[in-house]
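Following this note's numbering, the residues of the sequence shown are numbered contiguously, the last one being 241. The beta carbon of each residue, even a glycine, is placed where N, CA and C say it ideally should be.
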Amino acid sequence: MNAPLPQLTVQDLAAFVAARPDAPPVLLDVREAWELQTARLDLPGVTTLHIPMGTLPARLHELPRSQPILGLCHHGARSLQCVAFLQRQGFDDVYNVAGGIDAWSREVDASVPRY
127 MNAPLPQLTV
137 QDLAAFVAAR
147 PDAPPVLLDV
157 REAWELQTAR
167 LDLPGVTTLH
177 IPMGTLPARL
187 HELPRSQPIL
197 GLCHHGARSL
207 QCVAFLQRQG
217 FDDVYNVAGG
227 IDAWSREVDA
237 SVPRY
């Protein structure tokens with residue numbers, strides 16, 4: 127039986143980032159370009175990489191192995207699949223942002239548009 131994939135709630139993101147000043151996480155946004163035009167998540171001190179889910183296998187080389195990776199999508203389902211894929215590719219410091227950008231808008235920052 128496989129262990130559950132690591133997830134962070136949107137409320138935990140700021141503390142997670144603050145706890146890693148020497149290796150700040152990378153936010154891997156796996157949404158499509160049109161979704162980014164609608165809503166973005168900008169976290170201070172965090173680099174965001176936009177790599178749509180369908181292009182992730184071909185773009186693995188763009189991801190750092192020395193920093194934690196936080197997977198983000200609309201509701202957390204696509205990013206969870208991407209986190210599982212990254213683990214199978216040998217990335218061991220990866221986390222899914224549970225609830226995605228929609229949870230961020232509902233629970234943290236209502237100025238981020240919902241769609």
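Worksheet item: Between the C-alpha atoms of Ala-144 and Gly-225, what's the straight-line distance to the nearest angstrom?
Response: Stepping through the sequence shown from its first residue, residue 144 is reached at position 18. Stepping through the sequence shown from its first residue, residue 225 is reached at position 99. A direct Cα-Cα distance of roughly 21 Å separates Ala-144 from Gly-225.
>> Beta-carbon within less than 6 Å of Val-269's beta-carbon, same chain only, minus the 5 sequence neighbours each way: which residues are those?
In response: Past the edges of the chain, shown from 127 to 241, lies residue 269, and the structure says nothing about it.
Using alpha carbons as the reference points, say which of Pro-130, Pro-132, Ala-140 and Leu-131 lies closest to Trp-230. For the purposes of this step, residue 230 is taken as residue 104 along the sequence shown, with counting starting at 1. Closest option to Trp-230, Cα to Cα, is Ala-140.
For Pro-194, is the classification buried or exposed, using 16 other Cβ atoms within 10 angstroms of its Cβ as the cut-off for buried? The residue labelled residue 194 in the question sits at position 68 within the sequence shown. It counts as buried.
- Message: Taking DSSP's pairing of strands, which residues face Thr-174 in a bridge?
- Response: Looking up residue 174 in the sequence shown gives position 48. Thr-174 is bridged to Leu-153.
Strictly by DSSP, which residues pair up with Val-223? To locate residue 223, count along the sequence shown from 1; it is residue 97. Residue pairing for Val-223: DSSP places it in a beta bridge opposite Leu-134.
Exercise. Contact check, Leu-175 vs Glu-161 under 8 Å by CB: the rounded distance?
Worked result: What you label residue 175 is simply residue 49 of the sequence shown in a count that begins at 1. What you label residue 161 is simply residue 35 of the sequence shown in a count that begins at 1. Going by Cβ atoms, the distance from Leu-175 to Glu-161 rounds to 15 Å, so no, they are not a contact pair.
Note to self: Let's see if you can read the secondary structure: which residues bound the beta strand (DSSP E) around Leu-196?
What the structure shows: Stepping through the sequence shown from its first residue, residue 196 is reached at position 70. Per DSSP, Leu-196 belongs to the beta strand (DSSP E) from 195-198.
task = Could you check what DSSP says for Val-238 in three-state terms: helix, strand or coil?
result = Indexing the sequence shown from 1 puts residue 238 at position 112. Three-state result, Val-238: coil.
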